[in-house]
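Residue numbers (this note's numbering): 1347 to 1526. Every residue gets a Cβ at the ideal spot worked out from N, C-alpha and C, and that includes glycine. For reference, the structure discussed in these notes is given below.
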């Protein structure tokens, strides 16, 4: 497949309003861009559709496209994306670099809160069949635990949508981080 041609606009010529990441992603072969996008969001359909939305005019265009694609995915795509995340309070997953920063607040958790979150994670996964996901940036361990306990009361169909909304926030933050 050929690389996409840059947009024939003043922005493409001057680079105004664009970041080096946007310019680089516009020029990457599709498969390489998908690999990069899968580190942000582990949904193959999301990554493919975002890659196919090139050329990205600028940062805001990329963010808007990524969000539109996410909203239009179905629950199976959201569940695939959740598989790329480690449990809250644990390391691992396909997005380890991001998760370490996102879960930085967990480093201050005491042993009792850590144990309660670990037990809650196990109960959540047994109940819903996927990892508990929360946009943890800026949240205290106690807030994360309270959210986990509250969400354990949700019905399965509501919870997949709740987890998807959390993932949507995380994806936007990750993209913004890469673009800045």
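Asked	Found
Residue 1472 to residue 1392 span [Cα, whole Å]	26 Å
Residue 1377 - DSSP class collapsed to helix/strand/coil	helix
CA-to-CA distance, residue 1434 to residue 1483, given in whole angstroms	11 Å
Inter-stretch contact (C-beta, 8 Å, three-pair minimum) for the segment 1402 to 1414 and the segment 1364 to 1376	yes
Local Cβ density within 10 Å of residue 1423, reported as buried at 16 or more and exposed below that	buried
Cβ shell of residue 1491 (< 8 Å), same chain only, five flanking positions each side left out	1459, 1462, 1463 and 1466
Residue 1477 in three-state terms, based on DSSP	coil
Classification of residue 1389 by the beta-carbon crowding that lies within 10 angstroms, buried from 16 upward	buried
Closest residue to residue 1394 among 1479, 1404 and 1383 (Cα-Cα distance)	1383
Candidates 1371, 1376 and 1478, of which the one nearest residue 1502 by Cα	1478
Distance between beta carbons of residue 1516 and residue 1481, contact taken as under 8 Å	5 Å
Secondary structure of residue 1434, DSSP reduced to three states	coil
Buried versus exposed call for residue 1475 [16 or more other C-beta atoms within 10 Å across all chains shown]	exposed
Sequence-distant residues of its chain with Cβ nearer than 8 Å to residue 1518 (five each side left out)	1409, 1412 and 1413
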